[in-house]
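Q: Taking my numbering, the leading residue of the sequence shown gets 5, the next gets one more, and so forth.
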Amino acid sequence: MLIMERGINGSLRQYLDKDFISLSWMNKLDALRYIVLGIGKIHERGLIHRDFHSGNMINMANQIIFITDLGLCRPMNAQNNGTYGVLPYVAPEVLRGKEYTQASDIYGFGIIAYEICTGLPPYHDIAHDRTLAVNLSRIKTKVQL
Numbered sequence: 005m006l007i008m009e010r011g012i013n014g015s016l017r018q019y020l021d022k023d024f025i026s027l028s029w030m031n032k033l034d035a036l037r038y039i040v041l042g043i044g045k046i047h048e049r050g051l052i053h054r055d056f057h058s059g060n061m062i063n064m065a066n067q068i069i070f071i072t073d074l075g076l077c078r079p080m081n082a083q084n085n086g087t088y089g090v091l092p093y094v095a096p097e098v099l100r101g102k103e104y105t106q107a108s109d110i111y112g113f114g115i116i117a118y119e120i121c122t123g124l125p126p127y128h129d130i131a132h133d134r135t136l137a138v139n140l141s142r143i144k145t146k147v148q149l
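1) Please report how far the alpha carbon of residue 132 lies from the alpha carbon of residue 91, in whole angstroms.
2) Run through the stretch 107 to 134 for me and flag every whole alpha helix (DSSP H) of 4 or more residues, listed as ranges in chain order.
3) Entirely within the stretch 33 to 85 and at least 3 residues each: give me those beta strand (DSSP E) ranges in chain order.
4) Are the Cβ atoms of residue 99 and residue 141 separated by less than 8 Å?
5) To which residues does DSSP link residue 15 through a beta bridge?
6) Who are the Cβ neighbours of residue 121 in its own chain at under 8 Å, not counting the five residues just before and after it?
7) For residue 73, I'd like the list of residues in its chain whose CB is within less than 7 Å of its CB, leaving aside the five on either flank, ordered along the chain.
8) My assumption, with CB atoms under 8 Å, is that residue 47 sits in contact with residue 83. Please give the rounded CB distance.
9) According to DSSP, simplified to helix, strand and coil, what is residue 93?
10) With burial defined as no fewer than 16 other Cβ atoms inside 10 Å of the residue's Cβ, what is the status of residue 103: buried or exposed?
11) Does the Cβ of residue 6 have 16 or more other Cβ atoms within 10 Å, making it buried, or fewer, making it exposed?
12) Would DSSP call residue 28 helix, strand or coil?
13) Taking the alpha-carbon of residue 123 as reference, which of 18, 13, 12 and 14 has the nearest alpha-carbon?
14) Of the residues 86, 63 and 21, which one's Cα is nearest the Cα of residue 39?
15) Once the 5 residues before and after residue 109 are set aside, which same chain residues still bring their CB inside 8 Å of it?
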């Protein structure tokens, strides 16, 4: 059993809801830096988080962010047992039935970066339903060079 202390400011999402207006761009960049460092440590160990969203991050003092809820975290070579996670953060290729990869976590990071920069939850103005899942799954994730 792993026991973690509760963040001073709750989850990152709770913190943004409460204090977004008072955050400077330096505060936002610091928060993003801690998230990058955390996911980097997870990926260095050959793992994939698989449930990377702002509700799974606790905010300590001074925008120090800890990534939590490693219950779905698995090695890169682990078999995928389906699609799970919080819909707006799930990578389009995963919604199309592909395996979770470290790139899937990076997609989630991009959504979190949007959240930190705007203060808004992803797709805040539309239902998180099958229609959203279908629309997200149509996003092209390969960049043609």
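Glycine included, every Cβ here is placed at the ideal spot set by N, Cα and C.
A: Walking through what the data contain:
1) Your numbering for residue 132 matches position 128 in the sequence shown. Your numbering for residue 91 matches position 87 in the sequence shown. Spanning the two alpha carbons is a distance of roughly 7 Å.
2) none
3) 61 to 63 and 69 to 71
4) Counting from 1 along the sequence shown, the entry for residue 99 is found at position 95. Counting from 1 along the sequence shown, the entry for residue 141 is found at position 137. It is a contact, given that the beta carbons lie within the stated cut-off.
5) Residue numbering aside, residue 15 sits at position 11 when the sequence shown is read from its first letter. According to DSSP, which records beta bridges pairwise, residue 15 is partnered with 62.
6) By one-based count along the sequence shown, residue 121 stands at place 117. The answer, listed in chain order, is 32.
7) As a first step, residue 73 is located in the sequence shown; it is residue number 69 there, counting from the start. For residue 73, where only same-chain residues beyond five positions count, the Cβ hits under 7 Å are 55 and 60.
8) Taking the first residue of the sequence shown as 1, we reach residue 47 at position 43. Taking the first residue of the sequence shown as 1, we reach residue 83 at position 79. With 8 Å as the limit, residue 47 and residue 83 do not qualify as a contact, their Cβ atoms being about 19 Å apart.
9) For this step, residue 93 is matched to residue 89 along the sequence shown. Residue state, collapsed to three classes: helix.
10) Here the question's residue 103 lines up with position 99 in the sequence shown. Exposed, by the Cβ-count rule.
11) Translated into positions along the sequence shown, residue 6 becomes position 2. Caution applies to residue 6, whose pLDDT of 49 falls short of 50 and renders its modelled position unreliable; the value that the coordinates give is listed next. Exposed: under 16 other Cβ atoms inside 10 Å.
12) Position 24 of the sequence shown holds residue 28. Of the three classes helix, strand and coil, the one that applies to residue 28 here is coil, per DSSP.
13) If you number the sequence shown from 1, residue 123 lands on position 119. The shortest C-alpha separation from residue 123 is found at 18.
14) Position 35 of the sequence shown, counted from the start, is the residue given in the question as residue 39. Residue 39 has its Cα closest to that of 63, out of 86, 63 and 21.
15) On the sequence shown, residue 109 is found 105 positions in, with the first residue counted as 1. Excluding sequence neighbours, residue 109 sits near 43, 46, 47, 52, 53, 54 and 56.
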